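In our numbering, the protein residues as written are 219 to 407.
What follows is a single structure, written as structure tokens, with notes after it.
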């Protein structure tokens with residue numbers, strides 16, 4: 219199978235189910251940003267850190283493929299001609315969100331309370347987490363925007379929301395683990 223198909227040479231691409239849309243369609247922007255987020259998380263996972271975090275990041279990357287598949291499937295193509303669900307073995311479930319929440323809670327127990335906003339930086343790995351958090355927030359905004367015009371699984375949006383929280387706390391925890399300076403923003407008086 220060749221990587222290039224030439225079917226997108228005129229600025230369109232196919233969604234799951236074959237529907238062709240312009241490459242700047244809100245659905246493409248949405249799942250494309252999830253793909254970008256997945257790549258950033260891969261970059262975080264490639265850093266030196268506790269193996270537990272790496273295992274969670276692999277799980278997150280797997281879930282992001284599912285979120286991308288959900289976003290790449292227009293509602294009219296969710297059921298195939300044979301009556302089966304196109305993504306019957308894929309889905310985000312409440313336990314995926316609970317995993318993120320449990321990880322957030324465990325990391326926060328080891329951290330001092332926040333008294334001010336945290337400035338991104340202090341260590342390359344921490345900065346990668348903050349970049350991924352920002353991309354995650356953009357993916358969430360794009361999924362919400364898409365949901366104003368087309369149905370989007372609410373749980374996919376909820377997962378992205380919780381994931382950005384996880385990435386923020388992971389940045390703080392890695393700052394702590396790496397003895398990196400966590401700089402808090404203090405407003406001028």
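Cβ atoms here follow ideal geometry from the backbone N, Cα and C, with glycine treated the same way.
Because the structure is a prediction, the values reported are computed rather than measured.
- Linking residue 401 to residue 267 through their CA atoms gives a straight-line distance of about 21 Å.
- Beyond the five residues adjoining it in sequence on each side, residue 392 comes within less than 6 Å, by CB distance, of 343, 344 in the same chain, given in chain order.
- Within the model, the alpha-carbon separation for residue 395 versus residue 328 is close to 10 Å.
- Counting along the chain, the unbroken beta strand (DSSP E) around residue 232 starts and ends at 230-232.
- Collapsing the DSSP output to three states places residue 370 in coil.
- Going by beta carbons, residue 229 and residue 291 fall outside the 9 Å limit.
- Nearest neighbour of residue 377 by Cα position, chosen from 389, 312, 367, 224, turns out to be 312.
- Excluding five sequence positions before and after residue 350, the CB atoms of its chain that fall closer than 7 Å to its own CB belong to 255, 258, 259, 262, 385, given in chain order.
- In the structure shown, residue 221 adopts coil according to DSSP, grouped into three states.
- A straight-line Cα-Cα distance of about 44 Å links residue 286 and residue 407.
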